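Q: Chains as they are written, first to last, in our numbering: chain L, -18 to 418; chain B, -18 to 418. Note that beta-carbon positions come from the ideal geometry of N, C-alpha and C, so glycine has one too. Here the structure is a predicted model, which means the values were calculated and not measured. Shown below is the structure under consideration.
Protein chains: 2
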Amino acid sequence: MAKGTVNVGIIGFGTVGSGTAKILLNSKELIRQKTGLDINLKRISDLDITRDRGVKVPDGVLTTSAKDVIYDPDIDIVVELIGGIHPAKDFMLEAISQKKHVVTANKALLATEGRDIFKSADEHGVDVGFEASVAGGIPIIKVLREGLVANSITAIYGIINGTCNYILTKMTNEGAEFSDTLKEAQRLGYAEADPTFDIEGIDTTHKLTILASLAFGIPLSYNKIYREGITHITAQDIAFAGELGYKIKLLAITKITGDSIEMRVHPTMVPNNYLISKIDGVFNAVYVEGDSVGATLYYGRGAGDMPTGSAVVADIIDIAKKIQTNSPPDNFIRSLAKDTYDKKIMDMGDVMSNYYFRFSALDKPGVLSKISGVLGANNISIASVIQKGRQVGGSVPLVMLTHTAREKDVLNALNEINKMPVVSEKTLFIRVEGKVE
Amino acid sequence: MAKGTVNVGIIGFGTVGSGTAKILLNSKELIRQKTGLDINLKRISDLDITRDRGVKVPDGVLTTSAKDVIYDPDIDIVVELIGGIHPAKDFMLEAISQKKHVVTANKALLATEGRDIFKSADEHGVDVGFEASVAGGIPIIKVLREGLVANSITAIYGIINGTCNYILTKMTNEGAEFSDTLKEAQRLGYAEADPTFDIEGIDTTHKLTILASLAFGIPLSYNKIYREGITHITAQDIAFAGELGYKIKLLAITKITGDSIEMRVHPTMVPNNYLISKIDGVFNAVYVEGDSVGATLYYGRGAGDMPTGSAVVADIIDIAKKIQTNSPPDNFIRSLAKDTYDKKIMDMGDVMSNYYFRFSALDKPGVLSKISGVLGANNISIASVIQKGRQVGGSVPLVMLTHTAREKDVLNALNEINKMPVVSEKTLFIRVEGKVE
């Protein structure tokens, strides 16, 4: 049955909740003009309903009880914006069991326990909107589900954590070290007081989990993704990378290689002439390659009340249209509920990549020969070497770029090299994508 | 009524028709997996049905008569891919009158006579898909209609003609002149034998017509868009722009300024540090700014059989989903059928911009003072001046960047300056967007 008005309830009146409420209240007429839909923000629940969020909410909308949202018989769409696993998951499952459609920005929940959400949604015949869970305002979920639906996706490379990209950009532009830059990012509100989720790549991995499932029709696979953060990246490595024609970015990578799917999150050296190396500051970008469309890229703000609210409201409108026509939930819901793999996930050890190595080696004759001997014995061939400064008897950085090598060969070789008496510190390595032209 | 199979007919088996057919035939199972839909390519019509297009079409699909597509009672969606105004328009209107949904890549038709198409579609209750009409494989139409639906769009800047961007990129990288570069583009198949539509900005203007209508809910306004091509751009201007920190791009610009909408297509100087200045070769990019989402950018291939086919098939799938659920046509159809303006379109003469001027002035004392006097009298203030080389008594280029000035003041000033005896050639000017940091 077509309905005149679609009623929406929001659980969580924080940053994204406020942005969403602002758009729904202030752009009600714009949305009506564009879509013909009347979207009514009926309830907002939050433990704190007194703090000023800069938005005038009509009387009777605010409540301290999520139950008032979930069990309101008039509410068609429940928007979960409290974040975290519990009680967010419980609220969503409760809403779904009430046959409410749900919209969420909660990547941590979807990546780790999303299967339960999608399974329950599939059983209850309701939709789950999660555009806001990856890359904020960039409509990347819609692009993968609809815009590029005719494509077999072959690769995705994403800069999908604004905190890390801000830190790496600042380190690059100012030659600053990681810890100082992190402190400044915290001072400016670009990094949390506890920055672990961002700087250890956990948030990026959550988002890659969702992208990879959509792209390749595989189950949500957070635990199968290789993850490495940016805390070990130094100003020195960024400078060497620059000299070699590269930028260092925290990339979320998933691609088809042979008959397997690679999924990995790690700092990556990307050639200066690649568009994705030019994405600076808190901005996000997702590069998507399809068999028909070829290379595409999507760029915008990955966080913030209004950009993320823009994505939440787009989901609300899509679902509202489907409510009006009694359309079934998106087919991807079922695919995201899957727990069996019909495609192979590549072990990280089998990944083939080029590598950047920075050895801290004693400046003595024969050291280069010893190191390159071990590399050669492990099928790693050297593409170029930089040795800077001389400090006879002391330790100097010795930098190498390799040709394509296998990850497990690299780990074996470095393990052996790190034990050499002439090597004074653990060797730093960074994976390299693409080639400088 | 839900239908098991959605039948598609294609009129026009050229480049895009072949790409579309390839995807529909070769990715039938992929599409079924992703969407649950069974899309059947039932007929393809073309005057030439014998030429090999590199795709194996089942027996009985090809026909030389478009009527076999339009009047096939089983066909749900008619895809028009012959281009040009007639008979493309007639076929589309005929298909619509048969209550067929239509999909097209025909920007020239939509921009100039699209109102008739959308009006008829609205009257017959059918959908019109036109994702492929702007920026090839980039799902920019979906982004404007759905992904950013919660936003009031404030500005769009597009590089949406691959031929012009290829030519300008090559001129920039190689210091080559326009005519030589055009010839090479023609040799490589990046420019047509008659390149007028591309190099005069007509194709870009067609596409901007569609983008502006979607963004601002105004009628299709091809004739209201200011248009200027790239034929007058010289290697010298590109070099001066580079020195000043800019690239020259053919931009499609539409934005809200005050209570008016600006719409213009012209070569534009864009700061080197702006992402859109880094879009090179045949690639397209569209920068879209919304009130909530802020800055976003979408990048990919703007032409070619498979990228454009990817967009056509995405439209087919969207419409097929709606056929399955008896959903009404997109609300934007009605907006694109409009012929009344409820927003003001700014006269080009009222546009405010920064400008680059290259005067060909005699190298005599007092010339700069005379020129700047006229500029000052027309409210144009100078931001910087470059004068290169000395050729006493001869003519030298004198280059200026202005602060913000009004277009009509600029035209008046240059008209006066061009009449000066000390000015030997018509002054070249290029509009400048943004500021070098």
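1) On a Cα-Cα basis, can you pick out the residue from B:F338, B:L192, B:V107 that is closest to B:I242?
2) Can you check whether the C-beta of L:K15 is within less than 8 angstroms of a C-beta belonging to chain B?
3) As an exercise, report each continuous alpha helix (DSSP H) stretch of at least 4 residues that is fully enclosed by the stretch 357 to 413 of chain L, in chain order.
4) Which residues, in chain order, does the stretch 263 to 282 of chain B contribute to contact with chain L at a C-beta distance below 7 angstroms?
5) By DSSP's criteria, L:F340 is part of a beta bridge. Which residues make up the other side?
6) Within the continuous alpha helix (DSSP H) that includes B:T185, where are the two ends?
7) What would DSSP say about L:A295, mapped onto helix, strand or coil?
8) Does the beta carbon of B:E104 sit closer than 8 angstroms to a beta carbon anywhere in chain L?
9) Between L:I342 and chain B, is the shortest Cβ-Cβ distance under 8 angstroms, so that the two count as touching?
10) Which runs of the alpha helix (DSSP H) fall wholly inside the stretch -2 to 81 of chain B and span at least 4 residues, in chain order?
11) Roughly how many whole angstroms lie between the Cα atoms of B:T135 and B:E181?
12) Using the Cα positions of B:M(-18) and B:Q305, report the straight-line distance between them to the nearest angstrom.
13) Could you tell me whether the Cβ of L:L256 comes closer than 8 angstroms to any Cβ of chain B?
14) Measuring only the C-alpha atoms, how far is L:N204 from L:A318?
15) Using only the alpha-carbon positions, how far apart do B:I206 and B:I199 sit?
16) Could you give the DSSP three-state label for L:I214: helix, strand or coil?
17) Beta-carbon of L:G198 versus every beta-carbon of chain B: anything under 8 angstroms?
18) Does any C-beta atom of chain L lie closer than 8 angstroms to the C-beta of B:S194?
19) When the cut-off is 8 angstroms and only beta carbons count, does B:K9 lie next to chain L?
20) Hey, quick one: how far does the alpha helix (DSSP H) through L:E165 stretch, first residue to last?
21) Of all the residues that make up the stretch 113 to 127 of chain L, which are near chain B by a beta-carbon distance shorter than 7 angstroms?
22) Residues in the stretch 289 to 301 of chain L with C-beta within 7 angstroms of chain B's C-beta atoms, listed in sequence order?
23) Just checking: is the beta-carbon of B:N(-12) within a distance shorter than 8 angstroms of some beta-carbon in chain L?
24) What is the DSSP secondary structure of L:L278, counted as helix, strand or coil?
25) Chain L beta carbons: is any one of them nearer than 8 angstroms to that of B:M(-18)?
26) Is B:G415 close to chain L, meaning its C-beta is less than 8 angstroms from at least one C-beta of that chain?
27) Taking B:A259 as the query, report the chain L residues whose CB atoms sit under 7 angstroms from its CB, ordered along the chain.
28) Applying the 10 Å Cβ sphere with the 16-neighbour rule, what's the burial state of L:K369?
29) Quick check: the stretch 160 to 170 of chain L against the stretch 125 to 135 of chain L, are at least 3 beta-carbon pairs closer than 8 angstroms?
30) Is it buried or exposed for B:M333, if we count other Cβ within 10 angstroms and need 16 for buried?
31) Rounded to whole angstroms, what's the CA-CA distance from L:G210 to B:V251? Just pull it up for me.
32) Could one say the Cβ of L:V130 lies closer than 8 angstroms to chain B's Cβ atoms, at least one of them?
33) Once the 5 residues before and after B:Q167 are set aside, which same chain residues still bring their CB inside 6 angstroms of it?
34) Roughly how many angstroms lie between the CA atoms of L:K303 and B:F340, to the nearest whole one?
35) Show which residues of chain B have a CB atom less than 9 angstroms away from the CB atom of L:S133.
A: Quick look at the numbers:
1) For the purposes of this step, residue 242 of chain B is taken as residue 261 along the second sequence, with counting starting at 1. Nearest option by C-alpha distance: B:L192.
2) By one-based count along the first sequence, residue 15 of chain L stands at place 34. By this cut-off, L:K15 is an interface position.
3) 388 to 399
4) G271, S273, V274, G275, A276, T277, L278, Y279, Y280, G281, R282
5) Residue 340 of chain L sits at position 359 when you count from the first residue of the first sequence. In DSSP, L:F340 forms a bridge with L:L379.
6) Reading the second sequence from its first residue, position 204 is the one you call residue 185 of chain B. B:T185 -> alpha helix (DSSP H) spans 183 to 197.
7) Residue mapping note: residue 295 of chain L aligns to position 314 of the first sequence, counting from 1. If DSSP states are grouped into helix, strand and coil, L:A295 belongs with the helices.
8) As a position in the second sequence, residue 104 of chain B is number 123, starting the count at 1. Not closer than 8 angstroms to any Cβ of chain L, the Cβ of B:E104 fails to qualify, so no.
9) Position 361 of the first sequence, counted from the start, is the residue given in the question as residue 342 of chain L. Before going further, note that residue 342 of chain L is Ala rather than Ile in the sequence given. Judged by the 8 angstroms Cβ criterion, L:A342 is not in contact with chain B.
10) 9 to 16, 47 to 51, 69 to 78
11) Residue 135 of chain B sits at position 154 when you count from the first residue of the second sequence. Residue 181 of chain B sits at position 200 when you count from the first residue of the second sequence. Roughly 26 angstroms separates the two Cα atoms.
12) Here residue -18 of chain B refers to the residue found at position 1 when the second sequence is read from its first residue. Here residue 305 of chain B refers to the residue found at position 324 when the second sequence is read from its first residue. The predicted position of B:M(-18) is uncertain, since its pLDDT is 38 and thus under 50; no value can be drawn from it.
13) Along the first sequence, one-based indexing puts residue 256 of chain L at 275. Taking Cβ atoms only, chain B reaches closer than 8 angstroms to L:L256, which makes this a yes.
14) Position 223 of the first sequence, counted from the start, is the residue given in the question as residue 204 of chain L. Position 337 of the first sequence, counted from the start, is the residue given in the question as residue 318 of chain L. In a straight line, the C-alpha of L:N204 is about 16 angstroms away from that of L:A318.
15) Reading the second sequence from its first residue, position 225 is the one you call residue 206 of chain B. Reading the second sequence from its first residue, position 218 is the one you call residue 199 of chain B. Cα-Cα distance, rounded: 13 angstroms.
16) Locating residue 214 of chain L in the first sequence gives position 233, counting from the first residue. Looking at L:I214 - three-state DSSP - the assignment turns out to be coil, as it is neither helix nor strand.
17) Within the first sequence, numbered from 1, the residue matching residue 198 of chain L stands at position 217. By this cut-off, L:G198 is an interface position.
18) Mapped onto the second sequence, residue 194 of chain B falls at position 213. No, its Cβ sits nowhere closer than 8 angstroms to a Cβ of chain L.
19) Sequence index remark: in the second sequence, residue 9 of chain B carries index 28 (1-based). So no, B:K9 is outside the interface.
20) On the first sequence, position 184 is the one that residue 165 of chain L refers to. L:E165 -> alpha helix (DSSP H) spans 159 to 168.
21) G118, I119, P120, K123, V124, E127
22) G290, S291, V294, A295, I298, D299
23) Within the second sequence, residue -12 of chain B is the residue found at index 7, counting from 1. By this cut-off, B:N(-12) is not an interface position.
24) Translated into the one-based positions of the first sequence, residue 278 of chain L becomes position 297. Here L:L278 sits in strand by DSSP.
25) If you number the second sequence from 1, residue -18 of chain B lands on position 1. Low per-residue confidence applies at B:M(-18): pLDDT is 38, beneath 50, and the placement is therefore not dependable, though the value from the model is reported in the following sentence. Taking Cβ atoms only, chain L never reaches closer than 8 angstroms to B:M(-18), which makes this a no.
26) Indexing the second sequence from 1 puts residue 415 of chain B at position 434. No, B:G415 lies away from the interface with chain L (no Cβ there is under 8 angstroms from its Cβ).
27) Here residue 259 of chain B refers to the residue found at position 278 when the second sequence is read from its first residue. Contrary to the premise, residue 259 of chain B reads as Lys rather than Ala in this sequence. Chain L residues near B:K259: L256, K259.
28) Here the question's residue 369 of chain L lines up with position 388 in the first sequence. L:K369 comes out exposed.
29) no
30) Along the second sequence, read from residue 1 onward, the residue named residue 333 of chain B stands at position 352. When all chains shown are included, B:M333 counts as exposed.
31) Along the first sequence, one-based indexing puts residue 210 of chain L at 229. Along the second sequence, one-based indexing puts residue 251 of chain B at 270. Roughly 35 angstroms between the two C-alpha positions.
32) Taking the first sequence and counting its residues from 1, one reaches residue 130 of chain L at position 149. Yes, L:V130 counts as interfacial toward chain B.
33) Residue mapping note: residue 167 of chain B aligns to position 186 of the second sequence, counting from 1. Nothing meets the Cβ criterion.
34) Here residue 303 of chain L refers to the residue found at position 322 of the first sequence. Here residue 340 of chain B refers to the residue found at position 359 of the second sequence. Going by the C-alpha atoms only, they are around 59 angstroms apart.
35) Numbered from its first residue, the first sequence carries residue 133 of chain L at position 152. By Cβ distance, chain B contributes S8, L11.
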